[in-house]
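Convert by adding 524 to the 1-based position in the sequence shown; the result is the number in the numbering used here.
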Amino acid sequence: MADTTSTRKLEEFIPAMLAKDTDTPFSKEDWIYEMKWDGYRAIAEVNKGKVKLYSRNGNSFLSNYPDVVDALSKLKVNAVFDGEVVVLNEEGNPDFQKLQHYEQFRNYPLQYYIFDLLELNGKKLYSTPLIERKKLLEETLPKDDVIKYSDHIEERGEDFFEIIKQRNLEGMMAKKKSSEYYPGNRSADWLKIKHHKSDEAIIAGFTAPRGGRKYFGALVLGSFVDGKLTYIGHTGSGFDTSLLKEISAKLQPLIIEKSPFAEKVKTNMPVTWVEPKYVCEIKFTEWTSDGKLRHPIFLRLREDKDIKDVNTQFINANKMEITDTVEIEEEENIEETPVKKSPKKAAVKEAAPKKEVLKKVASKASKAPAKSEEIKKAKGAKKSEANKPKKTEEKPAVKDVVKNEKERIYTFGKAQVKATNITKIYFPDEGITKGEVLEYYERMAPLIIPYLKDRPESLFRTPNGINQKGFFHKDAGDEAPSWVKHIPLYSDSVKKDIDYILCNDAATLVYLANLGCIEINPWHSRVKSLDNPDYLIIDIDPSDNNTFEQVIEAANVVKQIFDQAGAMSICKTSGASGLHIYVPLGGKYNYDQAKDFANIVCMLASAQIPEFTTLERSLTKRSKDKIYMDYLQNRKGQTIACVYSLRPKKGATVSTPLDWSEVKSGLTPQAFTIKTIHKRIEKKGDLFAPMLDAKNAIDLVSCIERLGG
């Protein structure tokens, strides 16, 4: 029997991958289309009959949905699933209100629609293309009354969305067939398209902003119901900074002390009330049974509307429980823990017995979301075309020079990069052009991509060449081609999500070079485990008065300490004036552990050569005769020039991996350049390859013990 005792937030869980919003349905052959279920997102982990079931934020659902847990416990596989828990109403459609108050509607069928398979019998499938994961999922799930396979159609998204609208359902999910699964991240490979409604609402107040937001957090909304101004919801979505500022300026003169609502509204955040004057248009999905807007999003002010014309006819004011606490947030509520309330007098009519409801649902099979005849027809409409073999191999770039000889088209299969200003001089002393930099990265792509794949990129752009100041640029932006993968990650410095580019193929690498990225700067960790770096780095960074011979000596001292610890290490030139020493971690440890171990090694090394090394980071406090032993590179989000990256330095140097036998007197970084690197690789091969070999990953505890820790 499954363990159903846990109801608290789990300490360890797999956060769900999230989708981005879009308003317009579309049809593309490399996308699939699914129902957007109106329920609670739920991850299920099944291992030898034991079950974990939790929300996308890690709140346990075990005690909430015992029927789902029991069904999962009977599966004959060990797996991790992603899906949605829903309650079906008499029409066979998901009913969020009944799910939200499920303790009152237990006679209605509860189902877990599963749309993704993340792990199966010990094999992790996160990097497996979605279409293959879904095929495995369909083969894995048995026929069951509670656990359901969430079907999809291919190519015909617009037709499918018409079915959604006809049935007045929540919306549609569009997903790239090739999409990988990125836990806890919002990706443009998954899009949600809601079937929205809109209406007018009266602005009755606002809450204070939180985080990095300015002016206000959310607008408190009302409407006249039976002649009384009544609370109908709040919205913190749909605003940009300029709109927040504009609306705030209009509301400030209207501030009043008391609530304008006829009845008392309790909120979980302080509200600044305003005189009801302004009308706004709100996009939303439905009216809830207690008279609130579901998923409200601000569209625009309607200054042409009078507040007396805003009358809501869809709700019954007598049934509104306006003394309940209203949860006000700046954005759409992302926590999906069901509300637990005791039954109320104003409950809905007695639910039909479960068996009868199931019969009704079964009798409407042609309308049921996952089994509709319309979906089956849509899936089969282009069967002959779908069965044609599709080439997925990435071809070498096909290059076409445009007539004016300043542009070049790189074609990688379906991806195309229009390279501009290719005759611009990037390295004046050497006469090396932007076009030659693009040629370098196009040629080096097979070697360099494994060290970039799935790692967020911090772009350092020098679009006017190395003699002009460069700048960091992290956000992919709206102009990035659709085939460029990117991932949103929250930035503490700017207090918002930044779309980091993932350089996963040659096309993206050439695209970055065309932006002016002479050097490439990836994170030390990959998107599936952002807190766990694949390697540790010590950056031996000389000051103005240090010689490179001292850098070499410092590197060898560090190497001896790693040897004593039993840790393999690889040295590479920085491409500038220093050396970088890497140690493989295999993603087994977090950044703090990596940083602490690097700190120990740097302290031991500096103690041996204190006359010309230091751990002092501050340039103002550091002597110009001291090499900085930089262990702080081992922090989340920190980047360093990638192996085989060009550097925007005189000589067009390349950050090059070395054999330790080369790290001796006479070594010079200027020997490794855009013009010499190819012959070196032909002779030496890829000296950096052992860094990503899992069998080389160190045992950190053993290493520290060997150093006397």
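Ideal placement from N, C-alpha and C gives every residue a C-beta, glycine not left out. All values reported here derive from a predicted model rather than from experimental measurement.
- Between the alpha carbons of V593 and I567 lies a gap of roughly 11 Å.
- Under the DSSP assignment, A773 falls in the alpha helix (DSSP H) whose first and last residues are 765 to 775.
- Take C1126, set aside five residues on each side of it, and the residues of its chain with a beta-carbon closer than 7 Å to its own are I1062, L1139, M1153, Y1155, in chain order.
- The three-state secondary structure of H1202, taken from DSSP, is helix.
- The segment 724 to 734 makes contact with the segment 750 to 757: 3 or more CB pairs, one atom from each, lie closer than 8 Å.
- The C-beta of P820 has 16 or more other C-beta atoms within 10 Å across all chains shown, which makes the residue buried.
- Ranking P952, Q1162, E810 by CA distance to the CA of F996 puts Q1162 first.
- Cα atoms of S1142 and K1148: separation of roughly 11 Å, rounded to the nearest angstrom.
- Two segments are said to touch when three or more pairs of C-beta atoms, one from each, lie closer than 8 Å; by this definition the segment 672 to 684 touches the segment 547 to 557.
- In the three-state reduction of the DSSP assignment, W1184 falls in the helix class.
- Using a Cβ distance threshold of 8 Å, L1026 and D1058 do not count as a contacting pair.
- When DSSP states are grouped into helix, strand and coil, T548 belongs to the coil group.
- The bridge partners DSSP lists for R824 are E805.
- Judged by pairs of C-beta atoms under 8 Å, the segment 935 to 947 touches the segment 1022 to 1039, as three or more such pairs exist.
- With contacts defined by Cβ atoms closer than 8 Å, L599 and L577 do not form a contacting pair.
- Contact between T1197 and G1232 does not hold, since the beta-carbon distance rounds to 42 Å and is not under 8 Å.
- Counting C-beta pairs with one atom in each stretch, the segment 644 to 655 and the segment 611 to 627 have fewer than three that are closer than 8 Å, which means they do not touch.
- Comparing alpha-carbon positions, the option among S651, V609, F620, L654 lying closest to L634 turns out to be V609.
- Excluding the 5 residues flanking it on each side, E805 has same chain C-beta neighbours closer than 7 Å at S722, E724, L823, R824, R826, in chain order.
- Residue burial annotation: I779 is exposed, with fewer than 16 other C-beta atoms found within 10 angstroms of its C-beta.
- In the three-state reduction of the DSSP assignment, T1032 falls in the helix class.
- In the three-state reduction of the DSSP assignment, R657 falls in the helix class, which pools H, G and I.
- A buried status is given to G741, since no fewer than 16 other beta-carbon atoms sit within 10 Å of its beta-carbon.
- If the five residues before and after S783 are omitted, its C-beta is found closer than 7 Å to the C-beta atoms of V789, W797, all from its own chain and listed in chain order.
- The beta carbon of Y1115 is closer than 7 Å to those of D1055, P1057, N1158, R1159, K1160 in its chain, skipping five residues each way along the sequence.
- Going by DSSP, D1120 is part of the alpha helix (DSSP H) stretching over 1115 to 1132.
- Judged by their CB atoms, S1093 and Y1106 are nearer to each other than the 8 Å cut-off.
- A distance of 8 Å or more separates the beta carbons of L1109 and A1079.
- Scanning its chain for C-beta atoms nearer than 6 Å, with the 5 sequence neighbours on each side dropped, one finds around D1068 the residues K1148, in chain order.
- Residue state for D1154 is assigned as strand, using DSSP reduced to three classes.
- Annotation for A712: no alpha helix (DSSP H) segment contains it, though the beta strand (DSSP E) segment containing it runs 710 to 718.
- Contact check for Y564 and S587: beta-carbon distance about 14 Å, past the 8 Å limit, so the pair fails to qualify.
- The C-alpha of Y964 lies about 40 Å from the C-alpha of Q1132.
- Taking every protein chain shown into account, the CB of A1218 has fewer than 16 other CB atoms within 10 angstroms, so this residue is exposed.
- Per DSSP, G607 is one residue of the beta strand (DSSP E) stretching across 603 to 611.
- With respect to the C-alpha of M541, the residue from V961, I1011, P666, N571 having the closest C-alpha is I1011.
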